[in-house]
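Data block below; observations after.
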Amino acid sequence: NQSYETNRRALHRQVLMYASFRDAGYFALNAVPHSKTYGYTVYQKGGDLVHSIRRFMGDSLFFPAVRAYLNHHAYGNVNSNDLRDELAASSGISMTDYFATMVGLPGFPHVSVDSFTVTPNGNNFDVAVYTRERMKGNNVSFALPVDVNFTSAVNDTVITVTANAFTNSFLFTLRSEEHTSELQSTL
Numbered sequence: 557n558q559s560y561e562t563n564r565r566a567l568h569r570q571v572l573m574y575a576s577f578r579d580a581g582y583f584a585l586n587a588v589p590h591s592k593t594y595g596y597t598v599y600q601k602g603g604d605l606v607h608s609i610r611r612f613m614g615d616s617l618f619f620p621a622v623r624a625y626l627n628h629h630a631y632g633n634v635n636s637n638d639l640r641d642e643l644a645a646s647s648g649i650s651m652t653d654y655f656a657t658m659v660g661l662p663g664f665p666h667v668s669v670d671s672f673t674v675t676p677n678g679n680n681f682d683v684a685v686y687t688r689e690r691m692k693g694n695n696v697s698f699a700l701p702v703d704v705n706f707t708s709a710v711n712d713t714v715i716t717v718t719a720n721a722f723t724n725s726f727l728f729t730l731r732s733e734e735h736t737s738e739l740q741s742t743l
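Residue numbers for the sequence shown follow the numbering used here, so the first one is 557 and each next one is one higher.
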């Protein structure tokens, strides 16, 4: 839904712009100081993270997993590890790296295409995409699933990869003229 995506991106932009200023620092969601428990990071970055998890898992896995979490933990005390474990158990997707990155580290990931090369290979093209992670709020590299979008006049191809270092390189073999690349985080 276009409206949902527009609102999600607007929230994400607000979090990136204001969370560190409103809370006077970058905080991991599972280690927010008591004085910031009801601050911008918890409510806005936390909400942004839920949207990110939904996008990462996909609606068909996300909503049943959340229902299972709510049913299993109603009226109880929980923490982020409980949510991680329930989402993983209900969906079959390992959420360990995702939560370690998105919940357990302060700051925000930003992965962008640094450069790419295109080499003809018969009727195909070998495309090497080089990414760079820029740090915002910490100096630890995030492990982050990202979508690499290849666009041509006739076709769009999206391939999800995991950027897990300050610089990464990925090699793809594509048919025809699909060689313009754009990187979009799954955030």
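Cβ atoms here follow ideal geometry from the backbone N, Cα and C, with glycine treated the same way.
Subject >> Three-state secondary structure assigned by DSSP to L585 >> reply: helix
Original post:
For S646 versus A624, is the C-beta spacing smaller than 8 Å?
Top reply: yes
**OP:** Could you have a look at M691 and say whether DSSP puts it in helix, strand or coil?
**Re:** strand
Original post:
Okay, do the stretch 582 to 594 and the stretch 611 to 622 touch, 3+ Cβ pairs below 8 Å being the bar?
Top reply: no
**OP:** Report yes or no: do three or more beta-carbon pairs, one from the stretch 593 to 607 and one from the stretch 568 to 579, lie closer than 8 Å?
**Re:** yes
Original post:
Roughly how many angstroms separate the alpha carbons of T713 and T707, rounded to a whole number?
Top reply: 6 Å
**OP:** Using 10 angstroms around the beta-carbon of T597, count the other beta-carbons present and answer buried if the total reaches 16, otherwise exposed.
**Re:** buried
Original post:
Tell me, which residues are paired with R731 by DSSP?
Top reply: N680
Original post:
What number of angstroms, rounded off, separates the C-alpha of V669 from the C-alpha of S697?
Top reply: 16 Å
Original post:
the ligand NAD heavy atoms versus the CB of N635: any closer than 7 Å?
Top reply: Although the ligand NAD was asked about, the structure shown includes no ligands whatsoever.
**OP:** For the stretch 687 to 697 and the stretch 631 to 646, state whether three or more C-beta atom pairs, one from each stretch, are separated by less than 8 Å.
**Re:** no
Subject >> Sequence-distant residues of its chain with Cβ nearer than 8 Å to A721 (five each side left out) >> reply: E689, S697
Original post:
Bridge partners of S668, per DSSP?
Top reply: R688
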